[in-house]
Amino acid sequence: MKKALVATLGIILAGCGSESSPSISGSAESTRLSDNIAPPNARFEQYRISAFELDPSQFALAGNRVFLKVYSSSGNVLFLGQIDKQKPVSLPLSLPNSEGIVKFDLFSDLDGDDSISRERQL
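Taking our numbering, I'd label the letters of the sequence shown as residues 2 to 123.
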């Protein structure tokens, strides 16, 4: 039993292997991560920062307190809070590279005000 376990571990370790001085080449000859080293100037980015700007004074909201909800098309909330209805809002949003559109809802504390729902291309 011990010999079978040691033999199995030896086969697994031999399959992993390592190179003492891996070279950086243009084409991948192996699927091992240690054989495919990224160049020093490589960048791996899954998210980007985009500016979301909104001027709430252009919407006719009569309430004293105005709230803004910004969310992605997949439903992830990016911002939710009270804003000043007289001043423009500028928010830095961290979005996945695949997202190009964000949605926003603007609403107030007054029952007579309609909520505003729109989309914006970033």
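The C-beta atom is built at its ideal place from N, Cα and C for all residues, glycine as well.
Owing to the predicted nature of the structure, the values given are computational and were not obtained by experimental measurement.
### Query
Roughly how many whole angstroms lie between the Cα atoms of glycine 76 and phenylalanine 105?
11 Å
### Query
Between leucine 107 and valine 90, what straight-line distance do the alpha-carbon atoms span, to the nearest angstrom?
12 Å
### Message
Going by beta-carbon coordinates alone, are serine 116 and arginine 66 separated by less than 8 Å?
### Response
no
### Query
Which class does serine 116 belong to by DSSP, given the choice of helix, strand or coil?
coil
### Query
Thinking just about the alpha-carbon of each residue, which of Ile38, Lys88, Asn42, Arg121 is nearest to the one in glutamine 59?
Lys88
#### Entry: Delimiting residues of the beta strand (DSSP E) encompassing lysine 86
Looking at the DSSP string, lysine 86 is not in any beta strand (DSSP E), and its letter there is neither H nor E.
#### Entry: Residue interval of the beta strand (DSSP E) (run including phenylalanine 68)
67 to 73
### Query
In the structure shown, what three-state DSSP assignment does aspartate 106 receive?
strand
### Task
Compare the Cα-Cα distances from lysine 86 to each of Gly101, Ile102, Leu62 and report the closest residue.
Leu62
### Query
By the 10 Å Cβ neighbour count, where 16 or more other Cβ atoms means buried, how is valine 78 classified, buried or exposed?
exposed
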